[in-house]
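Just so you know, we're using this note's numbering here: the sequence shown kicks off at 414 and counts up by one.
Worksheet for the structure shown next.
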Amino acid sequence: METIAEYNYAKAKLTTLDHAVLVDALLKLAQESPSALMLVNGLISSQEERIALFRENMHSITHQGRRNRLSGEQIMDLLKRSLELLDPEQLDPKLGLALMEDFYSTDGWAFESTTELDFEFDWLYSKDGLATFSAFADRCPDADYVQEVLKRLLASNHYSARDDLAAFVT
Numbered sequence: 414m415e416t417i418a419e420y421n422y423a424k425a426k427l428t429t430l431d432h433a434v435l436v437d438a439l440l441k442l443a444q445e446s447p448s449a450l451m452l453v454n455g456l457i458s459s460q461e462e463r464i465a466l467f468r469e470n471m472h473s474i475t476h477q478g479r480r481n482r483l484s485g486e487q488i489m490d491l492l493k494r495s496l497e498l499l500d501p502e503q504l505d506p507k508l509g510l511a512l513m514e515d516f517y518s519t520d521g522w523a524f525e526s527t528t529e530l531d532f533e534f535d536w537l538y539s540k541d542g543l544a545t546f547s548a549f550a551d552r553c554p555d556a557d558y559v560q561e562v563l564k565r566l567l568a569s570n571h572y573s574a575r576d577d578l579a580a581f582v583t
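Given below as structure tokens:
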């Protein structure tokens, strides 16, 4: 869908369909697309399972080998879907900040995977990631812990994807 009008039209039509038809369509997509499968897994998983999926996704990015290389597009998709797994309103803020530290640890792998997605990766880390980090930091009662995480993240900011985190340093 390329326009808001197309989106709204499709949404209006889909909301009239039977629930079972939509479930079948979503499951069919999940069988055909790793991205759709991640979306479905996130929807049907408990909070603990979503945390495990998040960690698994970060590990798959940071522990690539010669035989299991991820493309830039695959990394982008994993990162986007992984952020969707985290709910700052439901997760313990310290755990959320630790998970965000794992998220930012993927930046080298992401930027080295391709030059064609530099803008998109920059946006993902500096806007989407920052918004999630901010939500956890704002809820964290331990300001010292937030500062420790920030110092670690900013100490290894080799791709400038973490620059906007500096606004949180006190």
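Every residue gets a Cβ at the ideal spot worked out from N, C-alpha and C, and that includes glycine.
A quick note: this is a predicted structure, and the numbers were derived from the prediction, not measured.
- Closest by C-alpha distance to ILE474, out of ARG463, ALA465, LEU492, GLU462, is LEU492.
- Counting C-beta pairs with one atom in each stretch, the stretch 477–493 and the stretch 432–443 have fewer than three that are closer than 8 Å, which means they do not touch.
- As the crow flies, the alpha-carbon of GLU415 is around 28 Å from that of ILE457.
- Residues ASP500, GLN503, LEU504 of the same chain have their beta carbon placed closer than 8 Å to that of GLN460, with the five preceding and five following residues left out of the count.
- Counting every other CB atom within 10 Å of its CB across the protein chains shown gives ALA523 a total of 16 or more, marking it as buried.
- Assignment of alpha helix (DSSP H) within the stretch 499–582, counting only whole runs of 4 or more residues, yields 506–517, 520–526, 531–536, 543–552, 556–568 in chain order.
- DSSP, reduced to helix, strand and coil, places THR475 within a helical segment of the structure shown.
- Between the alpha carbons of ASN454 and LYS564 lies a distance of about 33 Å.
- Across the set LEU566, HIS571, TYR572, the C-alpha of LEU566 shows the shortest separation from the C-alpha of PHE581.
- The closest CA to that of PHE534, considering only SER518, ALA548, SER547, is found on SER518.
- In this structure ASP520 touches TYR572 by the C-beta definition: roughly 5 Å separates them, less than 8 Å.
- For ARG463, the secondary structure class from DSSP, reduced to helix, strand or coil, is helix.
- The residue from ALA449, GLU462, LYS507 with its alpha-carbon nearest to that of GLN487 is ALA449.
- Looking only at LEU452, ASP555, HIS476, the smallest Cα-Cα distance to ARG494 is reached by LEU452.
- When DSSP states are grouped into helix, strand and coil, ASP431 belongs to the coil group.
- One Cα belongs to ILE417, the other to ALA423, and the distance between them is close to 10 Å.
- Beta-carbon to beta-carbon, PHE546 and LEU498 are separated by about 15 Å, too far to satisfy the 8 Å threshold.
- Comparing alpha-carbon positions, the option among LYS540, SER526, ALA544 lying closest to GLN477 turns out to be SER526.
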